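Structure first, then comments.
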Ligand code: LLP
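Printed below as a string of structure tokens:
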């Protein structure tokens, strides 16, 4: 197709022309395909896939998964509001996170979510109080921490005893007993999530084994559950990784629970959206140097923080590769930080004004963006076949300045 990168059948330069850069571009077909792969891996099994909203919380993406029958894994009242605004089914929402506020608990209880994934004894007491006051029993699961090493980046592993997440599995039994006796709590499940960007199915299976043992123990204590939530974390290809197919993660887990009547839940984020998106950016300046050469682009760490935060690799491709000598560039943004890079030591033939696509940026890209350096966030578009829809307009400076006010001369402002 003329040597120019496309998203589905739309050339990326056309998107840059219409919507400007930087711009996140998502492929509807890639989202649908990833979703189908999950469903196929769970065919014949009572299972609910709860998309982890934090990975990419654009309303159009949530609406697409909602139409496909998804549930949602949320971690804030804000994410719950997004699920509602996108037409998602709140009775398929699980609420994870270690710091749920009283207001968020009340909001979620009133909305009628499927389950609170409780992360501590203190949170359990708070939920009990909120449910009592609301005269509405709260459906709960305990998120247990199985102490399994997910073999991933330390910042995104969550199932080790040294992480802040979940309740140690040995302490969970007592909390379950307490919860099962409370008139304000409805014990309906158990949850576990060991980490993100998993490339080996073994740790998920190991954690599932520990959860199964625990479920059997609860059963002996007279506690029966409706569902078992095994979290998300399935990895994607950023560079040279070869992540196993989704079925290689889920089929052994489903087999392990084959004799169990409980419904299985999963909470994937990255695997559903990560490879479905790119960040489209334009070269502003080339800055050749004796030791290092820089390509300064119009996207920055505020738009995509993963490289700066985790030293994460994203492939960076020229949208319209040009002939001519290539050079080695650090691809950097306009933000005033030395850590503001999208990629280092990339061999590309570049000229000012060229478009670049930062690949695999559909997950934890826009959702982790900020306005650092008072930079308006990029536009987001969703491509379906030959059609392009703007699903978030580029922010304006008015959007950024709107909530603020300078104090008057007395220095005292109205509350
Ligand atoms: N469930 C829970 C309880 C989680 O904490 C997470 C992710 C997920 C599900 C979804 O995990 P996934 O399937 O997307 O791996 N910002 C980091 C990733 C942080 C993940 C946090 N928790 C990154 O950019 O790599």
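In our numbering, the protein residues as written are 4 to 418.
Heads up, the beta-carbon is just placed ideally off N, CA and C, and yes, glycines get one too.
A quick note: this is a predicted structure, and the numbers were derived from the prediction, not measured.
Alpha-carbon to alpha-carbon, residue j and residue i
i: residue 286; j: residue 347; result: 15 Å
i: residue 310; j: residue 60; result: 20 Å
i: residue 62; j: residue 395; result: 9 Å
i: residue 271; j: residue 409; result: 43 Å
i: residue 209; j: residue 203; result: 11 Å
i: residue 57; j: residue 269; result: 15 Å
i: residue 273; j: residue 363; result: 10 Å
i: residue 20; j: residue 187; result: 56 Å
i: residue 277; j: residue 313; result: 16 Å
i: residue 135; j: residue 392; result: 45 Å
i: residue 48; j: residue 205; result: 21 Å
i: residue 107; j: residue 80; result: 5 Å
i: residue 167; j: residue 122; result: 9 Å
Residue i, enclosing alpha helix (DSSP H) - first and last residue
i: residue 218; result: 205-223
i: residue 312; result: 309-313
i: residue 179; result: 172-184
i: residue 404; result: 400-404
i: residue 70; result: 62-70
i: residue 80; result: 80-88
i: residue 108; result: 105-114
i: residue 42; result: 31-44
Proximity below 8 Å, CB of residue i to CB of residue j
i: residue 170; j: residue 207; result: no
i: residue 387; j: residue 31; result: yes
i: residue 330; j: residue 232; result: no
i: residue 116; j: residue 148; result: no
i: residue 300; j: residue 359; result: yes
i: residue 67; j: residue 34; result: yes
i: residue 44; j: residue 258; result: no
i: residue 282; j: residue 368; result: yes
i: residue 101; j: residue 53; result: no
i: residue 74; j: residue 95; result: yes
i: residue 298; j: residue 241; result: no
i: residue 197; j: residue 247; result: no
i: residue 343; j: residue 321; result: no
i: residue 189; j: residue 140; result: yes
i: residue 192; j: residue 131; result: no
i: residue 113; j: residue 88; result: no
i: residue 220; j: residue 279; result: no
i: residue 379; j: residue 399; result: yes
Range covered by the beta strand (DSSP E) that runs through residue i
i: residue 260; result: No beta strand (DSSP E) holds residue 260; DSSP gives it neither H nor E.
i: residue 98; result: 96-98
i: residue 287; result: 280-290
i: residue 119; result: 118-121
Paired residues, beta bridge with residue i - DSSP
i: residue 9; result: 14
i: residue 296; result: 332
i: residue 130; result: Beta-bridge pairing links residue 130 to no other residue.
Any non-hydrogen atom of the ligand ZN closer than 7 Å to residue i Cβ
i: residue 58; result: In the structure on display, the ligand ZN does not appear, and the ligands it does have are the ligand LLP.
Neighbour-count burial assignment, residue i, 16 or more Cβ in a 10 Å radius
i: residue 105; result: exposed
i: residue 103; result: buried
i: residue 404; result: exposed
i: residue 238; result: buried
i: residue 411; result: exposed
i: residue 261; result: exposed
i: residue 288; result: exposed
i: residue 236; result: buried
i: residue 305; result: buried
i: residue 373; result: exposed
i: residue 55; result: buried
i: residue 390; result: exposed
i: residue 27; result: buried
i: residue 12; result: exposed
i: residue 292; result: exposed
i: residue 76; result: buried
i: residue 82; result: buried
i: residue 118; result: buried
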